[in-house]
Amino acid sequence: MTDPAPSLAKTIARRDFIRKAASGTVIAAMGGGLYTISDHLTSEAKAQSRADGRARVPPGQRVISALKPMGGQAGDPARSSVKIKVHGEVERPLELDFRELLGMDAIDTRADVHCVTGWTMLDARWKGVRVKDLAEKAGLKDSARHVIFESAHGYTANVRLDEGLADNVMIVWEHDGRPLRRPHGAPVRALVPDLYFWKSSKWLTGIRFTRRDQPGYWETRGYSNHADPWKEERYA
Amino acid sequence: MPEGDAPATPAKTQRKKKFKWRPWLRALHRDLGYLAVGLTFVYALSGLAVNHIADWDPNFTNFEREFVLEGPLPDDEQQAAAIVMSAAGIEETPLDVYSPADGELEITLETSTLFVATKTGKVYEEGQEERFALRAANWLHLNRGKKAWTYFADGYAGALLLLAVSGMFMIPGRKGLMGRGAVLVIAGIAIPLAYLAYVGGP
Numbered sequence: 001m002t003d004p005a006p007s008l009a010k011t012i013a014r015r016d017f018i019r020k021a022a023s024g025t026v027i028a029a030m031g032g033g034l035y036t037i038s039d040h041l042t043s044e045a046k047a048q049s050r051a052d053g054r055a056r057v058p059p060g061q062r063v064i065s066a067l068k069p070m071g072g073q074a075g076d077p078a079r080s081s082v083k084i085k086v087h088g089e090v091e092r093p094l095e096l097d098f099r100e101l102l103g104m105d106a107i108d109t110r111a112d113v114h115c116v117t118g119w120t121m122l123d124a125r126w127k128g129v130r131v132k133d134l135a136e137k138a139g140l141k142d143s144a145r146h147v148i149f150e151s152a153h154g155y156t157a158n159v160r161l162d163e164g165l166a167d168n169v170m171i172v173w174e175h176d177g178r179p180l181r182r183p184h185g186a187p188v189r190a191l192v193p194d195l196y197f198w199k200s201s202k203w204l205t206g207i208r209f210t211r212r213d214q215p216g217y218w219e220t221r222g223y224s225n226h227a228d229p230w231k232e233e234r235y236a
Numbered sequence: 237m238p239e240g241d242a243p244a245t246p247a248k249t250q251r252k253k254k255f256k257w258r259p260w261l262r263a264l265h266r267d268l269g270y271l272a273v274g275l276t277f278v279y280a281l282s283g284l285a286v287n288h289i290a291d292w293d294p295n296f297t298n299f300e301r302e303f304v305l306e307g308p309l310p311d312d313e314q315q316a317a318a319i320v321m322s323a324a325g326i327e328e329t330p331l332d333v334y335s336p337a338d339g340e341l342e343i344t345l346e347t348s349t350l351f352v353a354t355k356t357g358k359v360y361e362e363g364q365e366e367r368f369a370l371r372a373a374n375w376l377h378l379n380r381g382k383k384a385w386t387y388f389a390d391g392y393a394g395a396l397l398l399l400a401v402s403g404m405f406m407i408p409g410r411k412g413l414m415g416r417g418a419v420l421v422i423a424g425i426a427i428p429l430a431y432l433a434y435v436g437g438p
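Sequences listed follow chains A and B, in order. Residue 174 in this note's numbering is what sits at position 174 of the first sequence, and the numbering runs on without skipping anything. Residue 360 in this note's numbering is what sits at position 124 of the second sequence, and the numbering runs on without skipping anything.
Now the structure itself:
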């Protein structure tokens, strides 16, 4: 038997499709709403403040419980290949291998980190040395104004000198009591907790102090040059 | 004899024949469409994967494990590494065996690293396995290779523009730009504009 009204059947099928698509959208949206309501980590942390008076969680961020791998072109993961250069506007350029890094006064600390994609991890544990101490060891010149973190395959990230020499800015090789993992920049990465996390270059190869600012990989691709999470400086 | 009844000569018929551009446009759209299939899959799948990079690693699956070996390991790094590798069931040759400090041994493999506390026998392995197809697609999409790929990517972008423009004029009438087509084109342009207005611009 042939369909007596094929055009009517088509219309009904179309309506059915639209109805189902609309239902799916509503269910997905409700799921998102429920997810937001159930985000205890974020709601609890949002009630807290930092010692400097700023909110513990910067605006637009969601708290998660573990670092997420955010990609990038990995460097050599072997600690034996580590050669961290400290150069540029310094009196005594350095090239430190992993044993020499371990020989410095390592600090085991906790710091919150904030990714530009919207996640924040609180109280992440890190072990490494302060950039400030490396600068002092290399004899930082007065002419230095910026810190450029250099990584494998030419990746760089620029930070203002005063922010690069803050007490919580480090180069680290352990996270949560374990060696830094490959997706998180093993063997050594930078840690600049108070700026968006892309400034914390993974697979670190050097720290260069410069007179003039030199916007890095993401900074020349539409992302903020400064990257303050509390001002939501995500994009240029 | 009325003029209209005069038989048409072949030359006159050819002169009257109008050039029909739509079939050519459809043919161009069709063939460009075929050509764009491969790269559309590459860019679309990679776009989906990388858009959600905060939720998963689009290039690798990451793994870690821990185990403990019995007793202290020998002082000789190579011997110790061989024991660890054997216990871990790994047969490949290490890229590197390195002792950064007393009591610590690091064995670097192609896709993982074993960190060994030689005095306690504790071994921690962390590594990652490549998602081959997605990683290749992401590599192309993000133009990590640079050089020649830029030209292919530019060509694909040009092809997409041609597909969009030719698509608008393929069909005449109510389903074309004079009707439903116009509504859909306006909707497609309005969506990003409305979003920009909603978020207050870039």
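Virtual Cβ for every residue (Gly too), placed ideally from N, Cα, C.
Residue(s) in a DSSP beta bridge with residue i
i	result
P179/A	E174/A
L350/B	I343/B, E361/B
L370/B	Per DSSP, none; premise fails for L370/B.
S49/A	A55/A
F405/B	F405/B is not bridged to any residue.
Contact check, residue i vs residue j, beta carbons under 8 Å
i	j	result
L370/B	L275/B	no
T156/A	G75/A	no
S143/A	S201/A	no
W173/A	L96/A	no
R234/A	V159/A	no
P294/B	K355/B	no
A66/A	R56/A	no
R181/A	E362/B	yes
L341/B	A372/B	no
P193/A	F98/A	no
M404/B	R258/B	no
F296/B	E365/B	yes
L398/B	L268/B	yes
G128/A	I148/A	no
H146/A	F197/A	no
Reference residue i, options the options, closest by Cα
i	options	result
M170/A	A111/A, C115/A, R221/A, P179/A	A111/A
V90/A	D133/A, Y196/A, W173/A, T220/A	D133/A
D105/A	Q61/A, R130/A, R56/A	R130/A
A78/A	P336/B, F303/B, E313/B, H377/B	P336/B
D332/B	S322/B, A323/B, S348/B, D338/B	S348/B
A272/B	E327/B, T386/B, G391/B	G391/B
V286/B	D267/B, M321/B, R367/B, E342/B	R367/B
E232/A	Y217/A, W119/A, Q48/A, G53/A	W119/A
Burial state of residue i, where buried means 16 or more other Cβ atoms lie within 10 Å
i	result
K253/B	exposed
Q315/B	exposed
S224/A	buried
T329/B	exposed
A418/B	exposed
I37/A	Confidence at I37/A is low in this model, with a pLDDT of 49, below 50, so the placement of that residue should be treated as unreliable; the coordinate-derived value is given next. Counting Cβ neighbours within 10 Å, I37/A comes out exposed, since fewer than 16 surround it.
S43/A	exposed
G154/A	exposed
V435/B	exposed
M414/B	exposed
G139/A	exposed
N379/B	exposed
Q214/A	exposed
R208/A	buried
A227/A	buried
F351/B	buried
V359/B	buried
S322/B	exposed
W260/B	exposed
Contacts of residue i in chain B (Cβ-Cβ under 7 Å)
i	result
L102/A	P336, A337
K68/A	A290
W119/A	A290
F98/A	P336
Chain A residues whose Cβ lies nearer than 7 Å to that of residue i
i	result
Q364/B	R182, P183
Contact set between residue i and chain B, taken where Cβ atoms lie within less than 8 Å
i	result
P58/A	Correct list: empty, because the minimum Cβ distance to chain B is about 15 Å.
Contacts that residue i makes with chain A (C-beta to C-beta distance below 9 Å)
i	result
D293/B	K68, P69, M70, G71, P183
F277/B	In chain order: nothing, as chain A lies at least about 20 Å away.
Contacts that residue i makes with chain A (C-beta to C-beta distance below 8 Å)
i	result
D332/B	A78, S80, S81
R380/B	Q73
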